[in-house]
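Every letter in the sequence shown is one number past the one before it in the UniProt record's numbering, and letter 80, counting from 1, is 80.
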Amino acid sequence: QGGSQGGSQGGSQGGSQGGSQGGSQGGSQGGSSNFGYSLGAPSACAVDSRGLVYATDSAGGCVNAISANGDLVYRLARPDMRRPVGLSVYEYPKKGLVRLFVADSDANCVWSFDLP
1 QGGSQGGSQG
11 GSQGGSQGGS
21 QGGSQGGSQG
31 GSSNFGYSLG
41 APSACAVDSR
51 GLVYATDSAG
61 GCVNAISANG
71 DLVYRLARPD
81 MRRPVGLSVY
91 EYPKKGLVRL
101 FVADSDANCV
111 WSFDLP
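Shown next, in the form of structure tokens:
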């Protein structure tokens, strides 16, 4: 993760360290945390202005919404969603709504979810 460079380089120090200093230390310096539960095969994430983190689980065929403190808020899934691998968040500035776009590589489509 980390920084504007993304990928495994992340942050201003690069290498395998995430964030700006991180590595495996976790916390606000980068690194990783599983929040007490695991995702089958996370492949993408995005954050909305409320601080919810949306993470695809390509093995589980769903998108998890995770709060800033690590609680699983809800899961987005459809019976025909098979392998979500990418996502994007669009926020309606005046309506207070979020639209989540989810790319599904096995179903060859992009799903959209309107979230309050």
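No residue lacks a Cβ here, since even glycine has one placed at the ideal position from N, Cα and C.
Asked, Found
"Between the alpha carbons of A68 and N108, how many angstroms are there, rounded?", "31 Å"
"Leaving aside the five residues before and after L52 along the sequence, list all residues of the same chain whose C-beta is less than 6 Å from its C-beta, in chain order.", "A65"
"Per the DSSP calculation, S112 is bridged to which residue(s)?", "F101"
"For G27, does the count of other Cβ atoms within 10 angstroms reach 16, so buried, or fall short, so exposed?", "Caution is warranted here: a pLDDT of 41 is assigned to G27, below 50, making its placement in the model unreliable, and the coordinate value is therefore given only provisionally. Exposed, since its Cβ has fewer than 16 Cβ neighbours within 10 Å."
"What does the Cβ neighbour count give for A55, buried or exposed, with the cut at 16 atoms within 10 Å?", "buried"
"DSSP state of S88, grouped into three classes?", "strand"
"Quick one: what's V53 bridged to in DSSP?", "V47, I66"
"Select from P116, C62, S58, P79 the residue whose C-alpha is nearest the C-alpha of K94.", "P116"
"With distances taken from CA atoms, which of D48, L87, C62, S49 is nearest S38?", "C62"
"Who pairs with R75 in a beta bridge, going by DSSP?", "N64"
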